[in-house]
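Following: one structure in structure tokens, then a few remarks.
Residue numbers (the numbering used here): -6 to 189.
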């Protein structure tokens, strides 16, 4: 399949395949309503169930109800004076320095990213705390600057992203879990329920 505007183009059925894996029921229903003959890619949780599209509420009646309610509540509120704030004198003491300077020291660690099949190249390794990202070296190992308590995110397409908090300055081996199969289907059948 070749890339297209809203998904990929299938050369076998000569149609655009739209990726609905992250779409809401409302978005799926609108797409079906606008194009009865379409192909789509769905996650397994979106199959074999009815689409639930809640009715949109009228904003005019909501605004009118809020206005009436605010006048009723403001009219029945009794105003009272504020009490004078008490001033309390406290003693200033110098704060002892802790290991905060040690935790802020940068060091470079090596992170090896794998899954059940082996090393993963082109993964995204990002230090969220420092807002930096790195790519792997020629051996497939990622090197990144960290301090203690930094948050590191490791992501790779088709795998569950892992978030880690750096608790020591040792090198890491991260094994990512495969998301699992994503099901792609062709035709979409539209069924309407009879009104009761």
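Even glycine gets a Cβ: it sits at the ideal position worked out from N, Cα and C.
- If you compare the alpha carbons of 44, 153, 121 with that of residue 107, the shortest gap goes to 153.
- Here the alpha carbons of residue 163 and residue 41 stand approximately 47 Å from one another.
- Between the beta-carbon of residue 22 and that of residue 44 there is about 5 Å, and that keeps the pair under the 8 Å contact cut.
- For residue 14, the CB contacts under 7 Å within the same chain, skipping 5 residues up- and downstream, are 34, 35, 36, 175 in chain order.
- The DSSP assignment places complete beta strand (DSSP E) segments of no fewer than 3 residues inside the region 28 to 66 at 32 to 34, in order along the chain.
- DSSP, read as helix, strand or coil, puts residue 116 in coil.
- Here the alpha carbons of residue 26 and residue 185 stand approximately 12 Å from one another.
- Listed as beta-bridge partners of residue 107 by DSSP are 112, 168.
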